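**Q** So for the sequence shown, numbering that gives the first Met the number 0 puts the first residue at 0; every next one is plus one.
Here you go, one structure.
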Amino acid sequence: MKTLLVTGGCGFIGSNFIRYMLDKHPDYMIIGIDALTYAGNPENLKSIEDNPNYRFFRADIRNRNMIEQIFAFYTIDYVVNFAAESHVDRSIKEPDVFLTTNILGTQVLLDAAKRQWRLHPGNKYDRSYRDGVRFHQISTDEVYGSADDGEKFTEESPLRPSSPYSASKAGADMVAMAYRRTYGLPVTISRSSNNYGPYQFPEKLIPLIIINCIYDRPLPVYGDGLQIRDWLHVNDHCRAVDMILHSGKDGDIYNIGGDNEKANIDIVKQIIHTLGKSEELINYVEDRPGHDRRYATDSTKIETQLGWSRNHSFEQGLEECISWYLNNMGWVKRIVSGEYRRYFETMYG
Ligand code: NAD
Ligand code: DAU
């Protein structure tokens, strides 16, 4: 039985990933850890909370003592680090926590993984011997900054982060690769484009627009709305991470893109029309400072080297996603009212 540690497991992608991995690898033990910030919602994993192959710890990745205790108790085969402050607008208002969680928290995890890896027979004396633990860092295509017309980011593109969020993610990538080069710890990194799907916290464009549409509230569109994002279904992202974990090359970086560039305003209109609402709800508001105009991710490497491809078309994926929010209005209402926080305060203190 392999043991997989997933950080940020109560967030959007982390919770989808834990469900995906329990289903795909029923013989794996999954340890989920999460600080349960505003973005962490244990209800996202309610369907699997009694699964005997899943354990949850409320832990902050910056808390060295607690992280070391978890590594002392379990022999971890894989670490997948999703835990992060993830919202660009919040990073502009309050950058501090982005730097501490995203960079220093990652370093705490790397230290704990390194210590366990060193204890593994073989690794103590031979840095080329790679067994014991593999560390996978979840990064983002935002580390490449804004793409010019016609340009697509490859894994070799220079890092030009624009926001405190993307700068902190670029910093974490560099620290992770430095741990591989300096100490020999097996590390891989993936850089995905914008995800959409169930359980996404409604501060992000797609769930925010769906929910505001449902409640007939104004739909905030930044600037001219012509900024382009490359949308990827969250399950296609989870499958890619699983492939990298098992077949990825130690020390390598993999881009994971949707090959699906859309202007924000087109997404907003598509949601309005699917829900039968009026375009009068659109409310153009002040632009995000330093707003990246376009992201475009080249996924040739993961496609050709690991055989990954997308299962979800955007048209069908977005319709299913809208239906998911409509069918899970209890989940939506508990977030909108703030009740979801009381749920975990009573469960986890
Ligand atoms: P999210 O905000 O929904 O979830 C983040 C989770 O991390 C939450 O559960 C939160 O409680 C937890 N967390 C935050 N600080 C923590 C800390 N100090 N210790 C432990 N847990 C902590 O984010 P998401 O959209 O699921 O993103 C997950 C990861 O994927 C992030 O690393 C993000 O940078 C990356 N990413 C996201 C996207 C996207 O489109 N959402 C795309 C590419 C990469
Ligand atoms: O590219 C990957 C990144 O995608 C991840 O690393 C981030 O964690 C994730 O948050 C996401 O970043 P974005 O800034 O692209 O996502 P967001 O949903 O915040 O915004 C998408 C686009 O929509 C962006 O151009 C800003 C715009 N927008 C967003 C909001 C919340 C609006 O026009 N109105 C809004 O209200």
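Just so it is clear, CB atoms sit at the ideal spot from N, CA and C, and this is done for glycine as well.
Treat the numbers as computed from the prediction; the structure is a model and nothing was measured.
Taking the alpha-carbon of ILE12 as reference, which of ASN80, TYR53, TYR73, GLN68 has the nearest alpha-carbon?
**A** The residue given as residue 12 occupies position 13 in the sequence shown. Cα-wise, what sits closest to ILE12 is ASN80.
**Q** Less than 7 Å between the beta carbons of SER192 and LEU225, yes or no?
**A** Taking the sequence shown and counting its residues from 1, one reaches residue 192 at position 193. Taking the sequence shown and counting its residues from 1, one reaches residue 225 at position 226. Against a cut-off of 7 Å, the Cβ pair of LEU225 and SER192 comes out as no contact.
**Q** Identify the residues that DSSP records as bridge partners of VAL284: which are they?
**A** Indexing the sequence shown from 1 puts residue 284 at position 285. Bridge partners of VAL284: TYR221.
**Q** May I ask you to list the residues that DSSP assigns as paired with TYR53?
**A** Position 54 of the sequence shown holds residue 53. Answer is ILE29.
**Q** So, for SER145: in the same chain, excluding its five sequence neighbours on each side, which residues have a beta-carbon less than 7 Å away from its beta-carbon?
**A** On the sequence shown, position 146 is the one that residue 145 refers to. Excluding sequence neighbours, SER145 sits near SER161, ASP291, ARG292, ARG293.
**Q** I need the straight-line Cα distance from ASP95 to GLY170, nearest angstrom please.
**A** Position 96 of the sequence shown, counted from the start, is the residue given in the question as residue 95. Position 171 of the sequence shown, counted from the start, is the residue given in the question as residue 170. Those two C-alpha atoms are separated by around 14 Å.
**Q** Hey, could you find the ends of the alpha helix (DSSP H) LYS268 is sitting in?
**A** Here residue 268 is taken as the residue at index 269 of the sequence shown, counted from 1. That run of the alpha helix (DSSP H) goes 263 to 273.
**Q** Does DSSP classify TYR182 as helix, strand or coil?
**A** To locate residue 182, count along the sequence shown from 1; it is residue 183. TYR182: helix per DSSP, three-state reduction.
**Q** Return the bridge partner residues of GLN136 from the DSSP annotation.
**A** For the purposes of this step, residue 136 is taken as the residue at position 137 of the sequence shown. Paired residue(s): ASN80, ILE188.
**Q** What are the partner residues of GLU260, as DSSP defines its beta bridges?
**A** Within the sequence shown, the letter at position 261 stands for residue 260. According to DSSP, GLU260 bridges with ASP229.
**Q** Measuring CA to CA, which of ASP26, THR187, MET176 is closest to PRO51?
**A** Start at 1 with the first residue of the sequence shown, and residue 51 comes out as number 52. Here the closest residue by C-alpha is ASP26.
**Q** The ligand NAD: which residues have Cβ under 6 Å from any of its heavy atoms, chain order?
**A** Going along the chain, the residues that qualify are THR6, GLY7, CYS9, GLY10, PHE11, ILE12, GLY13, ASP33, ALA34, LEU35, THR36, ALA38, GLY39, ASP59, ILE60, ARG61, PHE81, ALA82, ALA83, GLU84, SER85, THR100, GLY104, ILE137, THR139, LYS168, SER191, ASN193, ASN194, PHE200.
**Q** Compute the Euclidean distance between the alpha carbons of HIS311 and SER298, then round it to the nearest angstrom.
**A** Residue numbering aside, residue 311 sits at position 312 when the sequence shown is read from its first letter. Residue numbering aside, residue 298 sits at position 299 when the sequence shown is read from its first letter. Answer to the nearest angstrom: the Cα atoms are 15 Å apart.
**Q** Is any heavy atom in the ligand DAU found nearer than 6 Å to the beta carbon of TYR221?
**A** Translated into the one-based positions of the sequence shown, residue 221 becomes position 222. It does: the Cβ of TYR221 is within 6 Å (strictly closer) of some heavy atom of the ligand DAU.
**Q** Determine the DSSP secondary structure at LEU3, reduced to helix, strand or coil.
**A** In the sequence shown, residue 3 corresponds to position 4, counting from 1. Of the three classes helix, strand and coil, the one that applies to LEU3 here is strand, per DSSP.
**Q** I'd like to confirm the pairing. Which residues does DSSP put opposite ASN254 in its beta bridges?
**A** Translated into the one-based positions of the sequence shown, residue 254 becomes position 255. Answer is ARG190, bridged to ASN254.
**Q** State the Cα-Cα distance for the pair SER277 and MET176, rounded to the nearest angstrom.
**A** Counting from one through the sequence shown, the residue named residue 277 turns up at place 278. Counting from one through the sequence shown, the residue named residue 176 turns up at place 177. One C-alpha to the other measures close to 48 Å.
**Q** Are the beta-carbon atoms of ILE255 and ALA239 separated by less than 7 Å?
**A** Position 256 of the sequence shown, counting from 1, holds the residue named residue 255. Position 240 of the sequence shown, counting from 1, holds the residue named residue 239. It is a contact, given that the beta carbons lie within the stated cut-off.
**Q** Check whether the stretch 192 to 205 and the stretch 4 to 22 touch, using three or more Cβ-Cβ pairs below 8 Å as the test.
**A** Flag = yes, the stretch 192 to 205 and the stretch 4 to 22 touch.
**Q** From ARG89 to ASN101, what distance separates their C-alpha atoms?
**A** For the purposes of this step, residue 89 is taken as residue 90 along the sequence shown, with counting starting at 1. For the purposes of this step, residue 101 is taken as residue 102 along the sequence shown, with counting starting at 1. Whole-angstrom Cα-Cα distance: 14 Å.
**Q** Cutting at 6 Å between CB atoms, please list the residues of its own chain near SER156, excluding the five before and the five after it.
**A** By one-based count along the sequence shown, residue 156 stands at place 157. Answer for SER156: TYR143, listed in chain order.
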